[in-house]
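Residue numbers (the numbering used here), protein chains in the order written: chain A, 122 to 420; chain B, 6 to 284; chain C, 385 to 804.
By construction, the Cβ of each residue, glycine as well, lies at the ideal position given by its N, Cα and C atoms.
Before any comments, here is the structure.
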Amino acid sequence: MTSNPTTISTGMPPRPSFWARLQGGLLALPLALVLLTFLAVPVGIVVAVSFWDYNDWEVIPDFVTFNYVELFTSRLTYILYAKTLKFAFLVWACTLVIGVMVAYVLTFRIRSTKWQIVLFLVCTIPFWTSNIIRMIAWIPVLGRHGLVNGFLEQTGLIGSPIEWLLYSEFAVILAFVHLYALFMVVPVFNSMARIDTSLLEAARDAGASGIQTFFMVILPLCRPGMAIGSIFVVALVMGDFVTVKMMSGGQAASVGVALRNEIALLQYPPASAAAVILLLFVLAMIYGLTRIVDIRKEL
Amino acid sequence: MIAKALTNWFFYALLGLFIIFLYGPMFGIILLSFQGPEGGLTFPMNGMSLHWIGDLFKEQRVGDFQGSFLRSLSLGLLVSVLTTVFSYAAGLAFRRGFPGATFLFYLTVTSLIVPSILVSLGIGLTFSRLGLETHWMTSALGAHLTWTLPFGLLIMFAIFNRFDPSYEEAARDLGASFFQVQRMVVIPMIAPSLIGIALFGFTLSFDEFARTLLSGGVKNTLPLEIFGMTTTVTTPTLYALGTVTTVVSFTVILVSLAVIAVLNRRSAASKSHGSEAAA
Amino acid sequence: MQSLSRRKLLKAGAAGAGLAIGSSLAAPFVHAQGAVTLRQFGTGVSNINIIAEQAKADLGINIEMTALDTDTTAQRIVTQPKGFDIADIEYFTVKKVWGAGNMQPMDTSRIDNYDSIVGLFKNGKLTPESVIAQGTAPHTVGFVEKAGDKGFASEETGLMTLVPTIYNADTLGIRPDLVGRDITSWADLLSSDFTGKASTLDIASIGMMDAAMVCEAMGLVSYGDKGNMTPAEIDATMKVFTEAKKDGQFRAFWKNFDESVNLMSSGEVVIQSMWSPAVTKVRSLGIPCTYQPLKEGYRSWGGGLGLSAGLEGRELDAAYEYINWYMSGWVSSVLMRQGYYSAVPTLAEEYMSPDEWGFWFEGKSAGGDISDPFGNVMEPAGAVRDGGSFYDRMGGVVVWNSVMDENRYMVRKWNEFIAA
Numbered sequence: 122m123t124s125n126p127t128t129i130s131t132g133m134p135p136r137p138s139f140w141a142r143l144q145g146g147l148l149a150l151p152l153a154l155v156l157l158t159f160l161a162v163p164v165g166i167v168v169a170v171s172f173w174d175y176n177d178w179e180v181i182p183d184f185v186t187f188n189y190v191e192l193f194t195s196r197l198t199y200i201l202y203a204k205t206l207k208f209a210f211l212v213w214a215c216t217l218v219i220g221v222m223v224a225y226v227l228t229f230r231i232r233s234t235k236w237q238i239v240l241f242l243v244c245t246i247p248f249w250t251s252n253i254i255r256m257i258a259w260i261p262v263l264g265r266h267g268l269v270n271g272f273l274e275q276t277g278l279i280g281s282p283i284e285w286l287l288y289s290e291f292a293v294i295l296a297f298v299h300l301y302a303l304f305m306v307v308p309v310f311n312s313m314a315r316i317d318t319s320l321l322e323a324a325r326d327a328g329a330s331g332i333q334t335f336f337m338v339i340l341p342l343c344r345p346g347m348a349i350g351s352i353f354v355v356a357l358v359m360g361d362f363v364t365v366k367m368m369s370g371g372q373a374a375s376v377g378v379a380l381r382n383e384i385a386l387l388q389y390p391p392a393s394a395a396a397v398i399l400l401l402f403v404l405a406m407i408y409g410l411t412r413i414v415d416i417r418k419e420l
Numbered sequence: 006m007i008a009k010a011l012t013n014w015f016f017y018a019l020l021g022l023f024i025i026f027l028y029g030p031m032f033g034i035i036l037l038s039f040q041g042p043e044g045g046l047t048f049p050m051n052g053m054s055l056h057w058i059g060d061l062f063k064e065q066r067v068g069d070f071q072g073s074f075l076r077s078l079s080l081g082l083l084v085s086v087l088t089t090v091f092s093y094a095a096g097l098a099f100r101r102g103f104p105g106a107t108f109l110f111y112l113t114v115t116s117l118i119v120p121s122i123l124v125s126l127g128i129g130l131t132f133s134r135l136g137l138e139t140h141w142m143t144s145a146l147g148a149h150l151t152w153t154l155p156f157g158l159l160i161m162f163a164i165f166n167r168f169d170p171s172y173e174e175a176a177r178d179l180g181a182s183f184f185q186v187q188r189m190v191v192i193p194m195i196a197p198s199l200i201g202i203a204l205f206g207f208t209l210s211f212d213e214f215a216r217t218l219l220s221g222g223v224k225n226t227l228p229l230e231i232f233g234m235t236t237t238v239t240t241p242t243l244y245a246l247g248t249v250t251t252v253v254s255f256t257v258i259l260v261s262l263a264v265i266a267v268l269n270r271r272s273a274a275s276k277s278h279g280s281e282a283a284a
Numbered sequence: 385m386q387s388l389s390r391r392k393l394l395k396a397g398a399a400g401a402g403l404a405i406g407s408s409l410a411a412p413f414v415h416a417q418g419a420v421t422l423r424q425f426g427t428g429v430s431n432i433n434i435i436a437e438q439a440k441a442d443l444g445i446n447i448e449m450t451a452l453d454t455d456t457t458a459q460r461i462v463t464q465p466k467g468f469d470i471a472d473i474e475y476f477t478v479k480k481v482w483g484a485g486n487m488q489p490m491d492t493s494r495i496d497n498y499d500s501i502v503g504l505f506k507n508g509k510l511t512p513e514s515v516i517a518q519g520t521a522p523h524t525v526g527f528v529e530k531a532g533d534k535g536f537a538s539e540e541t542g543l544m545t546l547v548p549t550i551y552n553a554d555t556l557g558i559r560p561d562l563v564g565r566d567i568t569s570w571a572d573l574l575s576s577d578f579t580g581k582a583s584t585l586d587i588a589s590i591g592m593m594d595a596a597m598v599c600e601a602m603g604l605v606s607y608g609d610k611g612n613m614t615p616a617e618i619d620a621t622m623k624v625f626t627e628a629k630k631d632g633q634f635r636a637f638w639k640n641f642d643e644s645v646n647l648m649s650s651g652e653v654v655i656q657s658m659w660s661p662a663v664t665k666v667r668s669l670g671i672p673c674t675y676q677p678l679k680e681g682y683r684s685w686g687g688g689l690g691l692s693a694g695l696e697g698r699e700l701d702a703a704y705e706y707i708n709w710y711m712s713g714w715v716s717s718v719l720m721r722q723g724y725y726s727a728v729p730t731l732a733e734e735y736m737s738p739d740e741w742g743f744w745f746e747g748k749s750a751g752g753d754i755s756d757p758f759g760n761v762m763e764p765a766g767a768v769r770d771g772g773s774f775y776d777r778m779g780g781v782v783v784w785n786s787v788m789d790e791n792r793y794m795v796r797k798w799n800e801f802i803a804a
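Printed below as a string of structure tokens:
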């Protein structure tokens with residue numbers, strides 16, 4: 122967001138009248154009210170509660186800092202962030218490669234518009250099935266006596282089942298990529314579809330190979346799509362608590378899982394403190410990403 | 006030419022692999038959902054029958070599919086309508102500018118990236134401090150909107166960035182009022198994209214889990230019910246649900262494709278890349 | 385889930401229909417304004433729909449049952465007090481949530497079979513000579529002095545927090561076909577023979593007790609009182625378990641007993657903390673599973689029904705009526721056929737065949753096939769219950785599931801272990 126986001130190049134005259142601005146304000150009111158009531162106020166409450174005391178069954182209004190002190194002095198916090206960042210990075214890298222590849226094939230290698238639409242829809246249909254069901258679908262595939270192990274054992278490729286396929290970090294990352302690849306495919310596809318094909322012809326005329334065109338023309342031009350997809354994927358992985366728990370059999374750690382555990386045990390103040398820190402962390406990461414590209418202008 | 010064909014096939018193969026990756030695990034559970042009444046959650050298959058598919062439409066030993074499905078459906082429809090209307094209005098607002106536009110823009114983007122569990126926790130705490138009971142129709146509705154509205158607004162930006170304002174100017178010059186311009190010029194032109202927002206809002210809401218967790222109240226929505234059932238059910242019921250959803254999704258898509266094909270044949274209008282809104 | 389499918393009902397009938405006639409003879413309460421609906425939640429162990437179905441038939445009261453995991457039951461009581469009428473919870477949960485003021489005590493004079501309730505829930509004694517085990521024993525949180533009290537009474541009063549319904553002596557469940565050797569001690573949970581094939585439960589107040597049993601059996605930690613550990617004891621216990629976790633001892637953790645069924649029946653896990661009905665369920669799938677008695681003794685738990693503070697008038701009367709029905713024997717027999725014990729065993733006996741009673745309660749070898757409450761044959765003739773008779777098993781209890789003085793610290797450490 123390097124440029125001032127209140128102005129848009131297309132659209133209205135540069136200096137709107139007072140009445141136009143008032144009308145604008147009224148039109149934005151529903152959005153503003155929803156976000157203030159259900160986002161700004163709740164986040165404010167979470168910040169407040171993070172300074173409160175608590176017992177087994179209730180939060181006690183107070184001003185204490187031990188929720189933060191415990192968080193920052195626990196070695197576990199740092200381990201959790203390291204682990205969660207590792208998940209985020211690996212999932213981001215995998216989805217980025219997959220996203221660019223799939224979008225590229227859909228945009229430039231599938232000639233007929235009809236097939237483009239059909240294949241795009243085929244890629245989006247699984248998205249309509251509950252994420253949780255898509256997640257547990259891996260269990261019979263990857264389990265100790267699952268399809269993959271069964272197949273490998275029958276063909277004699279392995280003597281005993283591979284244990285790390287399920288209830289492992291591998292399983293967590295696999296499930297994440299499976300669930301969120303689409304969040305990368307769609308924005309990158311959107312960016313690529315807008316690339317003027319005459320640019321590609323120009324590149325070819327200038328003697329660029331296919332690979333050169335891809336890296337020097339196409340990739341730079343779909344940077345906005347990649348950035349938006351990255352924001353989705355990173356934000357989703359950083360805040361996740363279901364996938365990690367389910368695919369690791371309740372064993373792997375992530376910031377979200379620890380937070381969820383505290384909430385389940387009614388330890389709201391420490392959970393709030395952890396949530397505030399997580400929020401700041403994610404905002405900082407996303408801010409870094411938006412330094413690279415102005416998402417609003419590039420949509 | 007042969008080299009070109011080969012590279013093309015290489016890329017088709019990549020896409021094919023991706024599609025196998027997306028659908029592969031689903032095939033496992035589709036198979037398992039056709040087990041006999043004694044079926045379990047893992048291979049090998051235990052008998053063959055339609056028992057678990059049929060069981061979906063009956064009362065469950067634990068859990069309540071019908072109730073939670075109806076709740077998620079009504080919630081999804083409401084979220085879908087509100088998201089479309091609010092995003093459209095806000096999209097117009099951002100075009101003409103208003104005091105606090107920058108702040109609202111950042112707030113919207115924040116809403117997208119705030120970890121869902123924090124929204125859930127915040128809304129739960131807010132309601133309990135105010136002495137209000139959380140309910141899927143109130144607190145969960147708000148929670149869902151914080152998730153769908155940013156997407157709606159971003160899509161509106163994408164639409165208006167490509168929208169030629171001279172159509173509206175022409176209409177205004179002819180004496181059309183604000184509402185007439187919207188109704189007779191803007192909305193007809195961007196209708197497909199608005200439908201896209203509505204569909205997208207519905208899909209996001211229907212599958213929303215984390216933001217509903219502490220804001221959903223006593224009665225579960227479908228994703229919460231499914232999540233509960235992953236720990237309380239030892240039968241292939243959830244697999245059967247997955248099978249049915251996939252089949253229904255395919256049917257819906259095939260029917261819409263057929264409708265589009267018919268419409269296309271009728272109007273020989275030129276086609277453009279309109280697919281981003283459907284995303 | 386309010387009612388039961390025909391198929392299940394028929395199956396249930398196979399086990400208990402004849403016996404149920406007795407309970408139906410009690411004249412159904414006629415509700416002038418239509419049927420009362422009571423919303424009950426609890427862990428899956430006793431939220432069985434045949435109970436709701438029978439209550440509907442016998443009393444005309446609708447029972448809406450919701451199955452939740454143990455931690456969520458506590459969360460619901462605290463955060464959604466208007467969302468339930470009857471809470472089917474464990475005694476240690478009572479200790480945690482009673483102070484929130486969202487439950488009301490029950491008047492024992494309105495409970496018909498109060499006198500038949502075993503001593504365990506009144507003065508803590510199984511038999512007059514028995515020693516009370518460590519931890520949150522049910523009688524310590526079973527009574528209050530007067531309505532509105534946040535603390536508990538030290539002895540029997542006329543006001544009960546929960547009407548006790550079920551309890552059991554828990555131990556490790558094993559897959560006898562896959563463990564490959566005799567299992568005799570809690571220490572076997574961390575044995576290197578089962579690396580990657582063990583599991584425990586992720587419920588702090590229960591998991592911590594199992595962990596303490598294991599550490600004590602291994603001789604690594606000694607405790608003053610396992611039911612009320614010091615921070616140093618908590619740290620030492622969690623250190624042992626965290627190292628085991630890092631070395632890959634555990635395949636998974638579970639929160640709800642059905643998960644333990646899935647882990648065990650799929651062969652992902654061969655030894656784990658387990659609850660009795662989970663063992664029952666694995667066996668009814670045709671997979672061998674033993675609820676293995678161990679030399680150090682059992683960890684025990686008890687649960688019962690409690691009332692929401694908001695219940696009053698007609699609903700409150702219906703709740704007492706339901707509880708009296710629950711305590712009249714038929715439900716107890718259903719629970720006992722799952723491997724639990726009833727708080728009113730003498731009444732349950734009337735609804736069980738002598739052979740069933742001999743198998744489940746007295747630890748005798750079965751004369752004929754033994755069926756679970758759903759009519760599935762579970763044990764062939766000649767089988768003997770793991771661990772023997774009621775007095776052998778409950779007499780072997782060394783610790784109850786607990787909420788300690790250092791609970792907040794313990795929960796933090798437990799979370800760290802799970803997340804480590």
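Once the 5 residues before and after residue i are set aside, which same chain residues still bring their CB inside 6 Å of it?
| i | result |
| --- | --- |
| C/Trp-741 | Glu-733 |
| A/Leu-342 | Ile-316 |
| C/Gly-681 | Gly-780 and Val-782 |
| C/Ala-553 | Tyr-682, Ser-684, Arg-777, Met-778 and Val-781 |
What are the partner residues of residue i, as DSSP defines its beta bridges?
| i | result |
| --- | --- |
| C/Val-547 | C/Leu-689 |
| C/Leu-422 | C/Ile-447 |
| C/Ser-880 | Missing from the structure shown is residue 880 of chain C; chain C here goes from 385 to 804 and no further. |
| C/Gly-557 | C/Gln-656 and C/Tyr-675 |
Using the beta-carbon count (16 or more within 10 Å), is residue i buried or exposed?
| i | result |
| --- | --- |
| B/Pro-104 | exposed |
| A/Lys-366 | buried |
| C/Pro-661 | buried |
| C/Val-654 | buried |
| A/Trp-259 | buried |
| C/Tyr-706 | buried |
| A/Ser-251 | buried |
| C/Asn-507 | exposed |
Leaving aside the five residues before and after residue i along the sequence, list all residues of the same chain whose C-beta is less than 8 Å from its C-beta, in chain order.
| i | result |
| --- | --- |
| B/Gly-21 | none |
| A/Tyr-301 | Val-212, Thr-216, Phe-353, Val-354, Leu-357 and Val-358 |
| C/Leu-393 | Residue placement at C/Leu-393 cannot be trusted, given a pLDDT of 40 that sits under 50; the coordinates are not used to answer. |
| B/Ile-300 | Residue 300 of chain B lies beyond the residue range present for chain B, which begins at 6 and ends at 284; the question has no answer from this structure. |
What is the C-beta distance between residue i and residue j, in whole angstroms, given that I count them as a contact (C-beta under 8 Å)?
| i | j | result |
| --- | --- | --- |
| C/Lys-480 | C/Ala-451 | Not quite, the Cβ-Cβ distance comes to about 20 Å (not below 8 Å), so this is no contact. |
| C/Phe-468 | C/Arg-423 | 5 Å |
| C/Gly-474 | C/Gly-752 | Before going on, a small fix: residue 474 of chain C reads as Glu here, not Gly. Their Cβ separation, rounded to whole angstroms, is 34 Å, which puts C/Glu-474 and C/Gly-752 out of contact at 8 Å. |
| B/Trp-141 | B/Thr-250 | Actually they are not in contact, since the Cβ atoms of B/Trp-141 and B/Thr-250 sit about 20 Å apart, beyond 8 Å. |
Counting only the same chain and skipping the five closest in sequence on each side, list residues whose C-beta sits under 7 Å from that of residue i.
| i | result |
| --- | --- |
| A/Thr-205 | Met-359, Ser-375 and Val-376 |
| A/Val-428 | Chain A is shown from 122 up to 420; residue 428 of chain A falls before or after that span and cannot be answered. |
Closer than 6 Å to a non-hydrogen atom of the ligand ATP - does that hold for the CB of residue i?
| i | result |
| --- | --- |
| B/Gln-71 | Although the ligand ATP was asked about, the structure shown includes no ligands whatsoever. |
Does the contact criterion of 3 or more C-beta pairs under 8 Å hold for the stretch 120-133 of chain B versus the stretch 386-400 of chain A? yes
Quick test of the definition: if touching needs 3 or more C-beta pairs under 8 Å, does the stretch 146-165 of chain B touch the stretch 87-107 of chain B? yes
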